[in-house]
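Per the numbering used here, the sequence shown starts with residue 38, numbered consecutively.
Since the structure comes first, as structure tokens, the remarks are kept for the end.
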Amino acid sequence: MNLIEDTIAHLAEHLENAELRHEAVRKITDEYPEMDWDDAYAIQDAIRARKTARGTRIAGLKMGLTSFAKMRQMGVSEPVYGFLTDYGACMDGAAIDTGTLIHPKVEAEIAFVLKAPLKGPGCHIGDVLAATDFVVPAVEVIDSRYENFRFDLKSVIADNTSSARFVVGGTHRGTEGLDLKNLGVVLEKNGEVVATAAGAAVLGHPANSVAMLANMLGARGRELPAGTFIMTGGVTEAIAVAAGDSITVRYQHLGTVSMRFT
Ligand code: 0L1
Ligand code: MG
């Protein structure tokens with residue numbers, strides 16, 4: 038690590054304030070170019086600790102930048118992970134207040150819920166499928182705290198991978214007999230199709246994203262407990278939304294997830 042503890046704490050407060058005040062800030066590596074990967078995750082962990090100390094519950098984990106479309110869109114080359122909060126959870130059909138966000142975007146995702154723990158290294162798709170209780174369709178509302186969504190990977194990790202809100206809907210199913218690789222997804226904004234994809238867009242199969250998360254956490258001595266809710270990353274590029282927009286995502290075999298922005 039290159040940053041001292043005080044700087045980690047200061048940057049966690051700075052980024053959390055940007056989230057809570059919905060005010061964009063400059064990417065933090067402009068001021069701290071020496072920041073390394075461990076510093077970035079330490080800042081994310083410090084934001085998580087600030088929240089849990091105030092009573093926020095961690096609702097699950099997320100993988101980000103898991104599709105080539107997203108990596109291309111953001112000009113980065115590796116997946117990242119973050120956490121989801123209880124106050125970020127929105128009901129299917131919810132009205133989401135853009136006044137509490139900076140510049141939201143939506144991405145269609147497939148979420149997993151585990152029935153058994155997973156621990157890397159060496160975790161693979163077979164382990165994930167065996168440990169999965171069910172999958173469920175979800176839409177993530179991301180909201181980078183950085184001006185104009187301009188950032189690098191370390192700044193994104195520190196900013197809890199732009200996590201803001203998430204909507205779970207549709208119907209949940211076990212993975213038995215469900216072809217997640219070929220599962221089609223259609224994203225509609227204001228009634229028009231704006232993006233289409235299949236599950237394979239996420240690292241070849243969404244279960245690979247969970248395996249990668251277990252391995253990334255394993256490298257830090259952590260595991261995924263049974264019951265963990267995991268969003269595996271957008272299957273399409275992220276779509277910008279504003280007040281007045283409505284979003285419906287149709288998932289083959291898994292139903293729809295909808296929301297509107299006010
Ligand atoms: O969930 C994601 O893929 C978001 C990762 C962070 C980058 C972004 O804000 O698009
Ligand atoms: Mg996402």
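Glycine is no exception: its CB is placed at the ideal position from the N, C-alpha and C atoms.
Three-way DSSP call (helix, strand, coil) for residue i in this model
i, result
"Thr137", "helix"
"Val223", "strand"
"Ile41", "coil"
"Ala280", "coil"
"Lys99", "strand"
"Met268", "strand"
"Ala61", "coil"
"Lys107", "helix"
"Tyr124", "helix"
"Glu229", "strand"
"Gly119", "strand"
"Leu151", "strand"
"Phe188", "coil"
"Leu240", "coil"
"Thr273", "coil"
"Met296", "strand"
Spatial distance of residue i from residue j (CA atoms)
i, j, result
"Ser181", "Lys142", "9 Å"
"Thr208", "Met268", "15 Å"
"Asp170", "Leu151", "5 Å"
"Lys191", "His51", "15 Å"
"Met72", "Ile45", "10 Å"
"His140", "Leu166", "35 Å"
"Met38", "Tyr78", "10 Å"
"Gly163", "Val117", "21 Å"
"Ala195", "Gln81", "5 Å"
"Thr89", "Asp123", "10 Å"
"Pro262", "Ile284", "32 Å"
"Val231", "Tyr288", "14 Å"
"Arg259", "Lys99", "15 Å"
"Arg297", "Ile41", "42 Å"
"Glu300", "Arg63", "There is no way to answer for residue 300, as the model of the chain reaches only from 38 to 299."
"Ala153", "Gly264", "7 Å"
"Gly211", "Ala96", "20 Å"
"Phe186", "Ala168", "35 Å"
Check: residue i C-beta below 7 Å from any heavy atom of the ligand NAP
i, result
"Lys99", "Annotation note on the ligand NAP: not contained in the displayed structure, which lists the ligand 0L1 and the ligand MG as its ligands."
- Query: So, do the stretch 260-274 and the stretch 101-110 have three or more beta carbon pairs nearer to each other than 8 Å?
  - Reply: yes
- Message: Going residue by residue through the stretch 159-184, where are the continuous alpha helix (DSSP H) segments of at least 4 residues, counting only ones entirely within it?
- Response: 162-168
- Mind listing, in chain order, the residues whose beta carbon lies closer than 5 Å to a non-hydrogen atom of the ligand 0L1? Gly101, Leu102, Ile179, Ser181, Val193, Thr198, Ser199
- Task: Specify whether the stretch 234-241 and the stretch 206-220 touch according to this definition: at least 3 beta carbon pairs, one from each stretch, less than 8 Å apart.
- Result: yes
- Could I get the ranges of all uninterrupted alpha helix (DSSP H) runs contained in the stretch 74-98, with 4 residues as the minimum, in chain order? 74-90
- Message: Three Cβ pairs or more, each shorter than 8 Å: is that satisfied between the stretch 192-204 and the stretch 121-134?
- Response: yes
- Using 8 Å as the Cβ pair cut-off and three pairs as the minimum, do the stretch 153-164 and the stretch 251-269 touch? yes
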